[in-house]
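Heads up: the protein sequence lines correspond to chains A and B, in order.
Residue numbering for the first sequence is 2 to 115, as defined by our numbering.
Residue numbering for the second sequence is 13 to 123, as defined by our numbering.
Don't be surprised by glycine CBs; every beta carbon is placed ideally from N, CA and C.
Single-structure report; data block below.
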Amino acid sequence: NAGVTQTPKFQVLKTGQSMTLQCAQDMNHNSMYWYRQDPGMGLRLIYYSASEGTTDKGEVPNGYNVSRLNKREFSLRLESAAPSQTSVYFCASKSSGGAWETQYFGPGTRLLVL
Amino acid sequence: GQQVMQIPQYQHVQEGEDFTTYCNSSTTLSNIQWYKQRPGGHPVFLIQLVKSGEVKKQKRLTFQFGEAKKNSSLHITATQTTDVGTYFCAGPGSNTGKLIFGQGTTLQVKP
């Protein structure tokens, strides 16, 4: 039982390049989330998927797209990376959309855009 | 929009000193959650508070939910080097599928 896994762990991109961050969970959770973490800014929600087949924008969606591939997998795509997207990206999941449930986070992807 | 604010942003203490971080929401919360992130790690759930005025303890950590359910605090008694990390509070957004995180308080403990 691996929980939430993310790939890659580290990535360096040049401005304008594209990439996809992968996330998978094996806890049979319905809801999945993508956050970015920058110093002093806490965790900011990029996109989330309350259930398979649905996605919604979070606080900072510009420059990103997501795909809920199936119940297990939720990917985040940067179409044309910018230096402002240098950050640590965390994927998280929880059982459902209920307010009472805790989120389980993946180990993170550290992205540097030059 | 709904905001969750945390203070202080950073705190340096000597090992053995106490530490407190405060969390304030712009709206009433149905519950509040606390997470800890060790340096280089990912956030890990610590506890959830639900009732007005609720106090919960985990060893040297004491969590409190305000009477109005708009604020919360985490107090650590006699800090240890293992307490180092960033502590986040989080409350459910207006869309209950989302959690709104505070900016976090980063605790450094000098041995």
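Where ASP27/A sits in the DSSP three-state scheme
In the first sequence, the residue the question calls residue 27/A occupies position 26. Three-state DSSP puts ASP27/A in coil, outside helix and strand.
On a Cα-Cα basis, can you pick out the residue from VAL25/B, THR89/B, GLY13/B that is closest to SER37/B?
On the second sequence, residue 37/B is found 25 positions in, with the first residue counted as 1. Nearest option by C-alpha distance: GLY13/B.
Could you work out which residues of chain A lie near PHE100/B, taking near to mean beta carbons separated by less than 9 Å?
In the second sequence, residue 100/B corresponds to position 88, counting from 1. Those within 9 Å of PHE100/B in chain A are GLY43, LEU44.
With 7 Å set as the bound, which would you pick, yes or no: does the beta-carbon of HIS24/B sit closer than that to a beta-carbon of chain A?
Working through the second sequence from its first residue, we reach residue 24/B at position 12. No, because no Cβ of chain A sits closer than 7 Å to the Cβ of HIS24/B.
Alpha carbon of SER42/B to alpha carbon of VAL62/B, nearest angstrom
The residue labelled residue 42/B in the question sits at position 30 within the second sequence. The residue labelled residue 62/B in the question sits at position 50 within the second sequence. Rounded to whole angstroms, SER42/B to VAL62/B spans 6 Å at the Cα level.
Just the C-alpha distance for PRO9/A and MET20/A, rounded to the nearest angstrom, thanks.
Residue numbering aside, residue 9/A sits at position 8 when the first sequence is read from its first letter. Residue numbering aside, residue 20/A sits at position 19 when the first sequence is read from its first letter. Roughly 10 Å between the two C-alpha positions.
Measure the Cβ-Cβ separation of CYS35/B and GLY114/B and say whether it is below 7 Å.
Your numbering for residue 35/B matches position 23 in the second sequence. Your numbering for residue 114/B matches position 102 in the second sequence. Result yes, Cβ atoms of CYS35/B and GLY114/B sit closer than 7 Å.
Using 8 Å as the threshold, is the segment 48 to 55 of chain B in touch with the segment 89 to 98 of chain B, meaning 3 or more CB pairs across them?
yes
Ends of the beta strand (DSSP E) at VAL56/B?
Stepping through the second sequence from its first residue, residue 56/B is reached at position 44. Note, VAL56/B: beta strand (DSSP E), 56 to 61.
Measuring alpha carbon to alpha carbon, tell me which of TYR49/A, SER50/A, THR56/A, LEU115/A ends up nearest SER85/A.
The sequence position of residue 85/A within the first sequence is 84, counting from 1. Comparing Cα positions, the closest option is LEU115/A.
Let's test the definition: count the other Cβ atoms within 10 Å of the Cβ of THR110/A and tell me whether it reaches 16, buried, or not, exposed.
One-based indexing of the first sequence puts residue 110/A at position 109. It counts as buried.
Looking only at C-alpha atoms, which of LYS82/B, PRO123/B, PRO55/B, LEU73/B sits nearest to PRO108/A?
Stepping through the first sequence from its first residue, residue 108/A is reached at position 107. Ranking LYS82/B, PRO123/B, PRO55/B, LEU73/B by Cα distance to PRO108/A puts PRO55/B first.
When you compare the CB of GLY54/A with every CB in chain B, is at least one pair closer than 7 Å?
Taking the first residue of the first sequence as 1, we reach residue 54/A at position 53. Chain B, which has no Cβ nearer than 7 Å to the Cβ of GLY54/A, makes this no.
Just to confirm my understanding: we take ASN66/A, look at its own chain, exclude 5 residues before and 5 after, and list those with CB closer than 7 Å. What are they?
Sequence index remark: in the first sequence, residue 66/A carries index 65 (1-based). These residues qualify, in order along the chain: ARG78, GLU80.
Distance check for THR55/A and SER88/A, CA to CA, integer angstroms please.
By 1-based counting over the first sequence, the position of residue 88/A is 87. By 1-based counting over the first sequence, the position of residue 55/A is 54. SER88/A and THR55/A: Cα-Cα distance of roughly 25 Å.
Spatial neighbours of HIS87/B within its chain, please: CB distance less than 6 Å, with the 5 preceding and 5 following residues excluded, ordered by chain position.
Indexing the second sequence from 1 puts residue 87/B at position 75. So the qualifying residues of the chain are THR32, THR74.
What does VAL121/B pair with, by DSSP beta-bridge criteria?
Position 109 of the second sequence, counted from the start, is the residue given in the question as residue 121/B. The partner list for VAL121/B (beta bridge, DSSP) reads VAL25/B.
What residues are listed by DSSP as bridge partners for ARG45/A?
Numbered from 1 along the first sequence, position 44 holds the residue referred to as residue 45/A. According to DSSP, which records beta bridges pairwise, ARG45/A is partnered with ARG37/A.
Throw me the rounded Cβ distance for the ALA82/A and THR16/A pair, which I believe falls under 8 Å.
As a first step, residue 82/A is located in the first sequence; it is residue number 81 there, counting from the start. As a first step, residue 16/A is located in the first sequence; it is residue number 15 there, counting from the start. That pair is a contact at about 6 Å.
Nearest-angstrom Cα distance between LEU46/A and GLY78/B?
In the first sequence, counting from the first residue as 1, residue 46/A sits at position 45. In the second sequence, counting from the first residue as 1, residue 78/B sits at position 66. Using only the alpha carbons, I get a separation of about 26 Å.
Below-7 Å beta-carbon distance, GLN115/B vs any chain A residue
What you label residue 115/B is simply residue 103 of the second sequence in a count that begins at 1. Closer than 7 Å to some Cβ of chain A, the Cβ of GLN115/B qualifies, so yes.
Would you say PHE75/A lies against chain B (beta-carbon separation less than 7 Å)?
Locating residue 75/A in the first sequence gives position 74, counting from the first residue. With 7 Å as the cut-off, PHE75/A does not count as an interface residue toward chain B.
Compile a chain-ordered list of the residues in the segment 77 to 94 of chain A whose CB is closer than 7 Å to at least one CB of chain B.
Under the 7 Å Cβ criterion, the segment 77 to 94 of chain A contributes PHE91.
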